[in-house]
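Chains as they are written, first to last, in full-length UniProt numbering: chain A, 1 to 468; chain B, 1 to 468; chain C, 1 to 468; chain D, 1 to 468. Glycine included, C-beta positions come from ideal geometry on N, C-alpha and C. Bear in mind the structure is a predicted one, so any value in this text is a computation, not a measurement.
See the structure below:
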């Protein structure tokens with residue numbers, strides 16, 4: 001179950017042009033060398049490197065902040081001496097991050113945090129350019145841990161920083177090489193699950209190095225939730241169903257940031273949107289934003305689409321599913337696959353028909369069919385792509401967190417879980433403004449004094465957060 | 001050039017699951033029979049019928065108006081005795097139309113109006129259920145005319161109605177079998193090009209039967225342009241580039257219905273949209289709708305996306321392309337591929353790189369690259385899908401036009417080009433309202449008298465149109 | 001009833017700072033002279049001229065098109081020799097029009113088309129600067145006709161152009177001085193009512209000069225309906241009720257241009273909007289624009305606001321009013337006061353309470369009260385202001401129509417009712433673009449040829465209209 | 001200066017129908033009795049009570065939460081024994097609050113927190129129904145403190161709760177009757193200024209009772225800022241200038257909640273909106289929401305409207321004002337009048353012309369004029385009305401805070417400043433949902449367990465806030 005604990009972050013719709021599915025040999029059994037003669041990696045096929053390189057170059061164009069960091073690093077190398085072991089999705093965007101860490105002075109070794117999510121071409125490109133990468137698409141569970149071990153268990157090399165997504169790497173070191181933590185300066189963790197584990201360790205007094213929770217930075221939250229979902233709900237529905245949004249009746253369960261993004265996008269496209277909520281404050285916001293607040297039961301018979309984004313479980317039950325009208329589309333935008341009770345649909349009287357990738361028709365005895373997307377897993381990760389720009393925010397936050405932890409004077413961080421300092425959060429945002437040719441106003445001395453702020457920020461207190 | 005004169009209406013992105021690209025035998029050389037023993041058809045592979053049938057069934061669910069027409073036709077058969085020869089794109093939606101015409105009493109023979117647009121599985125399904133269909137994907141020009149001829153030139157069967165899309169079928173009969181027009185009651189034509197040809201024939205006094213221009217019906221115009229483009233501009237850009245819309249600067253050339261749809265969608269997604277126009281009335285509308293009206297030159301250096309929808313030629317010139325910034329995306333939503341001067345990019349100093357299907361990077365000597373979509377052809381037909389619901393409007397309009405022409409009393413229509421009567425246009429609209437669970441208000445007698453209207457419509461005069 | 005036939009165009013909310021309501025003397029009994037010694041006028045109080053002048057100056061700033069016409073007229077005087085008799089609302093905006101006509105070479109005499117709508121200060125300012133104006137706020141019916149007569153029946157001066165709003169002036173000349181039409185070159189009429197009368201005269205063969213219908217120009221229609229109502233529905237509701245729009249449930253009866261404007265504004269402010277329609281084409285548009293299409297009965301119990309804009313009668317009946325919930329607001333944005341059956345509320349068991357200007361509470365025996373605005377008359381004219389910019393469009397159209405009719409070569413216009421030529425409509429629009437710093441694109445020769453258009457327009461055919 | 005320290009919360013545009021401005025006698029010199037013979041009050045004119053009562057009744061209809069509290073209080077009286085002294089604006093909405101406190105069991109005495117904001121008719125109505133109210137419109141500074149003293153300094157009655165708005169009442173008791181605090185159970189304060197004073201007292205160790213900061217409750221913040229400003233920016237601009245929003249270029253300085261509300265409303269009405277920001281996180285949000293982020297200098301020459309909402313000072317300087325174009329409108333939506341450097345306009349070469357209430361034209365020597373609204377004070381409080389519904393949120397929060405402090409078990413609150421517990425904030429929200437006929441979803445036991453929440457809330461942690 002460790003394998004599924006980290007959120008898959010790359011789209012299954014991403015084209016993988018060069019994969020030959022007929023090559024059945026396990027990468028572990030292959031002898032491969034890159035053009036410089038190194039064989040310190042394990043990827044599907046080193047020959048795919050060129051294709052992967054092009055994907056990386058395309059990604060670089062939408063990751064201006066990392067490229068800016070690289071430029072600034074030409075003089076100083078804030079990560080000189082850093083030995084980073086990483087365990088994340090292996091995508092073009094991760095590659096840009098990894099090569100940026102390299103440019104900043106770090107040595108890196110990398111494994112995948114998900115057995116399915118590796119883009120083989122990108123892994124090949126990284127291996128070709130000298131990164132010890134151990135990952136391929138379709139690893140077995142044994143492969144998965146073997147890859148992680150190959151990153152960590154190296155003769156003459158010991159990591160001093162961890163970049164983790166889901167906590168599996170951290171878990172492995174805790175279990176197998178606890179002594180390594182003596183030299184490790186810190187952990188940067190981005191997933192909900194991984195952060196949760198770290199807080200538990202901390203509570204139990206077992207966290208032995210400082211950890212940075214980059215999942216909850218303001219910028220990342222806004223982009224991962226509100227802005228990204230505003231676009232990907234439309235993309236995910238279109239790619240799977242080719243439906244028309246205009247005039248459709250939709251119910252969105254949950255009016256947090258994800259729900260707000262979904263509602264705004266669908267309303268803008270001419271859908272009629274209903275909202276369900278448990279929290280009266282969010283409910284009141286939904287009202288003021290122009291959405292009718294209902295209980296799911298009130299509209300379940302009439303809606304064309306049901307979207308869950310509550311973080312809760314069994315929000316859509318078999319009873320609801322029984323009452324939906326023919327052709328109703330059901331999908332989940334929340335962070336786990338518990339929201340729709342998909343298991344309840346695995347009963348003998350219902351027929352499942354796979355009509356497209358990620359699209360199932362579930363058919364009732366009377367012929368009614370509902371359209372279930374991604375079997376109730378996260379729609380936007382399963383059926384749409386995540387814009388590189390969103391991943392750029394995340395990757396930049398990770399890079400800055402690594403720099404901060406690596407360079408922090410002794411004593412600034414204890415053996416605890418920290419949020420990114422507000423000022424660095426603001427810095428991540430500022431690095432992304434040039435993309436929009438956006439020009440920030442600077443405070444005059446007089447204004448800074450009036451407001452009691454430093455002219456360079458932070459402009460908001462550290463507790464400035466937003467779950468609203 | 002006849003081959004390209006009709007608008008391709010089906011997306012090249014549509015999945016075609018069962019095509020085996022290795023079968024190189026021309027359908028014309030194959031001996032095929034459907035399960036009832038008939039061989040009066042010519043398709044790629046009759047064995048794909050089952051897959052095509054499922055696509056047709058899915059389409060039926062989004063084409064409520066045609067299904068309603070079928071139901072009403074159980075008693076009367078308004079097309080009893082009709083022998084319709086058709087030449088359109090062969091898609092699941094066309095299949096629903098064709099089978100509806102059959103249910104209404106007509107006999108049909110069908111060819112494709114485009115050498116690339118046929119969905120082989122759908123053609124197979126139609127052939128299997130007894131429709132003489134002559135079409136496959138990837139016809140040669142010779143195949144194209146051969147297929148049309150096979151529809152028309154039949155022993156013991158002569159068409160009395162024509163349904164055309166692009167005018168090629170009509171052209172062929174004029175050229176080869178002019179005598180057939182003696183028995184033909186009318187032509188229904190839906191494309192801009194085909195309608196243009198008919199008006200020319202009419203002007204020249206050579207139109208020998210009544211023709212119905214269904215392209216310019218109010219309902220079809222609104223859906224094909226405003227509503228469809230509002231959704232497909234987003235879809236087309238996402239599927240090709242995975243870009244994020246928020247904060248992007250976009251210039252839309254032309255503020256007709258298509259431009260209005262594009263602008264509304266992009267503004268709603270958080271893009272900053274500029275508009276160019278030649279007509280001061282449309283320009284003033286753009287201003288009032290919140291878009292800065294500029295000349296293309298004023299913003300060409302700063303925008304992230306350029307979209308043309310003017311109906312004009314050379315709106316984006318090489319000079320504009322030279323001045324665009326790196327990574328600028330260029331695409332066309334207008335009805336022909338003349339708007340962007342793509343030819344001007346075929347010069348030796350520029351490198352073209354095909355990075356995805358329908359996506360080219362054109363690279364300047366200094367490394368600047370622009371992203372050209374669909375080589376300047378219509379983006380939404382090339383790179384997105386057209387919702388079935390939009391095609392349902394068109395197909396219903398075609399069906400009603402056929403019924404009207406076939407049943408019109410002698411003398412109602414002369415040898416001229418007609419618009420669909422307003423009342424039938426309203427009827428098409430009304431047949432689509434149940435999809436939205438929409439409830440129309442009926443006039444009371446007193447109100448009808450006050451307004452001087454018949455309670456059943458038409459509610460607007462025949463000249464009620466909208467290009468605005 | 002003639003007095004009420006023309007649409008009141010100025011807001012009753014306009015401040016009239018200097019009116020002393022205690023001056024009870026009829027202007028007809030006063031002896032007044034302007035500073036140049038002329039007494040050829042009749043206004044409330046010539047001493048208010050200075051205040052009126054300031055209002056005119058403020059209006060000039062939002063009427064750029066007329067000011068541009070004045071500038072261009074410094075060389076040529078297209079109305080030299082024109083003797084215009086006018087009958088319109090006397091407002092600051094009309095004053096700018098009148099003074100523009102003067103600058104273009106015309107002599108003008110003017111009366112009011114409505115007994116309540118004259119701004120006395122503006123009338124005084126016009127009289128002071130030499131315009132023979134006969135109008136004041138609160139005329140009797142006898143005063144009304146006396147004023148018109150004083151404009152027409154002058155020794156040694158005979159009009160050769162008529163500018164009318166409502167048709168009363170035209171009616172008066174037909175009745176009293178039919179011989180005058182021998183010298184009259186044309187009539188420009190802007191109201192629905194006046195235009196209707198002209199068409200009736202024309203049908204009856206009694207129209208003896210050309211008439212220009214400026215009511216139906218595309219630009220004027222869009223601004224008077226869609227754009228103006230989009231803003232004034234909010235303004236009218238706020239000024240009368242101080243209500244909050246967010247979360248309110250609203251039903252808008254009618255989805256023509258006025259309804260579209262109301263719906264768009266309220267949706268944007270967070271209201272939940274339902275629409276009723278009789279025409280399936282408009283109904284389908286409402287659906288696609290994201291509004292639930294209902295019958296009034298379905299939602300009448302739940303809505304907070306009912307807005308009529310159908311052009312129909314008795315759309316809101318006593319039965320509907322009986323079923324509304326407590327505090328429901330009822331108002332009309334349609335062009336006559338027939339839409340809400342206000343008369344049905346004048347029954348003994350209901351109590352009327354006037355709570356503010358233009359706001360009545362109608363109270364049922366059980367204590368339920370509905371809030372009726374402007375007694376069912378046009379909300380935006382009664383309870384909000386019309387932006388000067390909208391009136392600028394109308395006034396410019398009137399000026400151009402006068403120039404066109406006055407200068408048209410013999411024979412261009414017969415004794416019939418004409419629409420403004422498309423090219424002049426476009427010209428009106430173009431004169432308003434500088435307000436928005438909007439830059440029109442010009443066709444190249446090659447493009448003009450490709451499109452078959454003149455580079456200077458018209459860009460659309462004369463039948464290009466839009467009621468949609 | 002104490003007099004101006006509290007925010008004026010009632011609109012100067014509110015109609016006051018019955019005020020006879022000619023009555024110059026000071027209320028302190030009048031002998032007045034209500035119909036029950038009491039003279040324990042001091043208002044302008046007790047005879048205006050009936051008019052005030054109607055305003056109160058109208059307000060009751062939009063304050064459903066207080067009315068619900070009254071109903072629930074029919075059984076229990078949670079404020080039985082409470083003796084509340086209050087100092088707030090005296091408006092219809094305050095009256096509903098006061099009478100609710102009475103219904104809950106409290107005795108109240110009340111003064112005004114602002115010398116101008118009292119609605120005399122409402123004060124009269126309260127006095128008539130037995131509330132000792134000491135307030136009138138146009139108090140002198142001496143009157144102001146006299147009134148407060150009359151509330152506090154009463155024979156045989158001593159307050160045990162304080163409800164303050166601005167801190168003047170609290171200040172007076174600290175200064176004159178410090179011993180009273182022995183019996184006082186708590187202070188409820190709603191203004192920014194008053195809260196600031198309390199935190200200072202607390203820091204200095206001088207706060208001798210618990211205080212509740214109701215200004216920073218989530219619900220109140222959202223309504224006072226985002227939702228209220230979204231509506232009032234339009235209302236304030238319309239009432240003062242009658243301008244048209246469509247096509248206008250606007251710059252909004254500051255993209256906090258107020259700025260977000262202003263931007264959303266103006267964009268929705270067709271304005272083109274630019275944003276300035278100092279904080280990169282808010283700046284990035286502005287970009288993603290579709291606004292160009294600029295420095296004020298970049299657009300100052302071209303915009304039609306400048307709106308400040310930064311909380312900063314001298315955001316619009318004389319230099320900016322010098323560069324604005326003719327007719328530019330300048331106004332402030334921020335919480336103090338420091339944002340526009342209005343003082344810099346008081347120079348001899350500039351002419352000020354008061355053209356309407358709250359509207360000044362400032363005229364440059366070359367004739368350029370800018371339109372300054374409310375002399376740079378808060379536009380929505382000066383020139384528009386605040387919807388009763390927004391005030392209902394505030395008043396309900398105050399009532400619940402009083403109940404909480406009054407009934408809290410000993411020790412729950414120390415001598416410190418507290419935020420309203422999250423659960424009560426949620427309760428305020430839930431009491432307002434019925435207005436929208438909104439139906440909250442309840443957690444099942446299983447879901448509550450899964451989420452680790454109590455089924456009745458709180459649903460978010462106490463630190464759940466939102467400045468974003």
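Contact belief for residue 161 of chain A with residue 186 of chain A at Cβ below 8 Å, rounded distance in angstroms: 6 Å
CB contact below 8 Å: residue 263 of chain C versus chain A: no
Simplified DSSP assignment, three categories, for residue 378 of chain B: strand
Minimum Cβ-Cβ distance from residue 327 of chain A to chain B less than 8 Å: yes
Euclidean distance between Cα positions of residue 221 of chain C and residue 215 of chain C: 7 Å
Closer than 9 Å at the beta carbon, the chain A residues around residue 388 of chain B: 242, 243 and 244
Bridge partners - residue 162 of chain B, DSSP secondary structure assignment: B/85 and B/187
For residue 131 of chain A, three-class secondary structure by DSSP: coil
Closer than 7 Å at the beta carbon, the chain D residues around residue 234 of chain C: 234
Per DSSP, the bridge partner or partners of residue 157 of chain D: D/154
Minimum Cβ-Cβ distance from residue 281 of chain B to chain C less than 8 Å: yes
Expected contact under 8 Å - CB spacing of residue 323 of chain C and residue 300 of chain C to nearest Å: 5 Å
C-beta atoms of residue 236 of chain A and residue 454 of chain A nearer than 8 Å: no
Residue range of the alpha helix (DSSP H) that includes residue 54 of chain A: 49-61
Residues of the region 423-446 of chain C with Cβ closer than 9 Å to any Cβ of chain B, in chain order: 425, 426, 427, 428, 429, 430, 431, 432, 433, 435, 436, 437, 438, 439, 440, 441, 442, 443, 444 and 446
Residue 241 of chain C vs residue 386 of chain C beta-carbon contact at 8 Å: no
Chain-ordered chain A contacts of residue 459 of chain D [CB-CB under 7 Å]: 278 and 279
Buried/exposed call for residue 365 of chain B, threshold 16 Cβ in 10 Å: exposed
Alpha-carbon spacing of residue 12 of chain D relative to residue 371 of chain D, whole angstroms: For residue 12 of chain D, the predicted structure reports a pLDDT of 35, less than 50, and the residue's modelled location is therefore unreliable. The matter cannot be settled from this model.
Exposure of residue 456 of chain D, with buried meaning 16 or more beta-carbon neighbours within 10 Å: exposed
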